[in-house]
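Residue numbers (our numbering): 19 to 353.
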């Protein structure tokens, strides 16, 4: 039997979960298996598998996605499944079906991994018998973090300051609240990223809202790594105003780039505050965003962060996942 774990990453290359899985696999010692579509079961026969799962990649809905994953992993020796985008009440009409789908995924896994204690609670609510392992999302210092311009000694000139939101646009991302908060301030708003698949209508909706408020809004669209880093560096005040957050790659991207974002308190944000003290500017709700933005404009150093204290690294996350994949082998060897 081959005890070298296989990191299985399914889906379009630009998807956040796919990019995450590829980075973690590249930092580990296992083999990376990528595919735009789910694999034939024979490809993973007898293998120790670490698979990144979100229902939006594997199927038309969560139950279909769970069935697709089950077929793909049917002949695997051991299944470590890392869950993303866990179901929560904000899913609306899809919530119960998503809960059932994720419960089915958890039931077929040998080990279930989530990225926060909040996500663990969401999962055990849907699948009470499951005891997930919590491994936080990795935060690797960006190679571009050292290229940030020096902290300005004065506030930006009126109209030149940039308030930035990062990542894919979808309902609940919080850009609406940011636009409302900065209306009347001498700033413009930039979303570094594009609309999530299926939510392309968000662009026109948000642009219309910005015009009604008298706010200049730019949406960059997809950027490569160097363009992404440049866009982040051009932001004066980073904000992550997610409404329903269980783990966040976009917050982590701000931290990795040496930026301290303004965030709205939530159970996941509380976890980050405990794990990386001082890394976030936390407000109690969207009604406090405006005051935090004004303070960050007046004191630019509030939006900068020493990346020496962030983590875990992708290598640490990969090592933990690969240890979970090998766990049973170690037990067999000592039996």
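Using N, Cα and C, we set each Cβ at its ideal position, and we do this for glycine too.
In the DSSP assignment, residue 237 falls within the beta strand (DSSP E) that extends over 234-237. If you compare the alpha carbons of 221, 229, 195 and 316 with that of residue 255, the shortest gap goes to 316. The shortest CA-to-CA distance from residue 276 to any of 303, 248, 227 and 263 is the one to 248.
Each residue's CA atom was taken as its position, placing residue 192 and residue 209 some 11 Å apart. With respect to the C-alpha of residue 116, the residue from 144, 267 and 335 having the closest C-alpha is 144. If the five residues before and after residue 310 are omitted, its C-beta is found closer than 7 Å to the C-beta atoms of 280, 299 and 301, all from its own chain and listed in chain order. Runs of the alpha helix (DSSP H) spanning 4 or more residues and lying entirely within the segment 162-207 occur at 193-200, in chain order. Assigned with DSSP and collapsed to three states, residue 153 falls in coil, not helix or strand. When C-alpha distances from residue 38 are compared across 60, 66, 72 and 57, the shortest belongs to 72. The closest CA to that of residue 95, considering only 85, 129 and 83, is found on 129. Rounded to whole angstroms, the separation of the alpha carbons of residue 124 and residue 44 is 25 Å. A direct Cα-to-Cα measurement between residue 40 and residue 202 gives close to 42 Å. For residue 136, the enclosing alpha helix (DSSP H) stretches over residues 135-144. Per DSSP, residue 263 lies in no alpha helix (DSSP H) segment and is marked neither H nor E.
Around the CB of residue 137, 16 or more other CB atoms lie within 10 Å, so the residue is classed as buried. Judged by beta-carbon spacing, residue 264 lies beyond the 8 Å limit of residue 156, meaning their Cβ atoms are not closer than that value. The alpha carbon of residue 25 has as its nearest neighbour, out of 68, 57, 55 and 59, the alpha carbon of 68.
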